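Structure, as structure tokens:
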Amino acid sequence: MEKRKDWKMISIRMDVHVLNRLDAYCEKTGLARTKAMERIIASYLDQHDKIINDAKNQ
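Heads up, the final residue of the sequence shown is numbered 62 in our numbering, and it's a clean run with no missing numbers.
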């Protein structure tokens, strides 16, 4: 049996316009909110890390 990944519950307040965009994205992609937010946040952090690492290496 495959082990489930570790997780923690969070609660946030989100601007209604951003939430509407998230819901539209979820509907378009078929992703649940949780999975969509995980992917969006991970992508943002990866890009941010790359920018920081590139700046350090110049």
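Where a beta carbon is used, it is the ideal one built from N, C-alpha and C, also for glycine.
These numbers were taken from a predicted model, which means no experiment stands behind them.
Going by C-alpha positions, Lys12 is about 23 Å away from Tyr29. The DSSP-derived three-state label of Gln51 is helix. Rounded to whole angstroms, the gap between the alpha carbons of Ile16 and Thr38 is 12 Å. For Ala36, the secondary structure class from DSSP, reduced to helix, strand or coil, is coil. Rounded to the nearest angstrom, the Cβ distance from Leu26 to Ala46 is 15 Å, too far for a contact under 8 Å.
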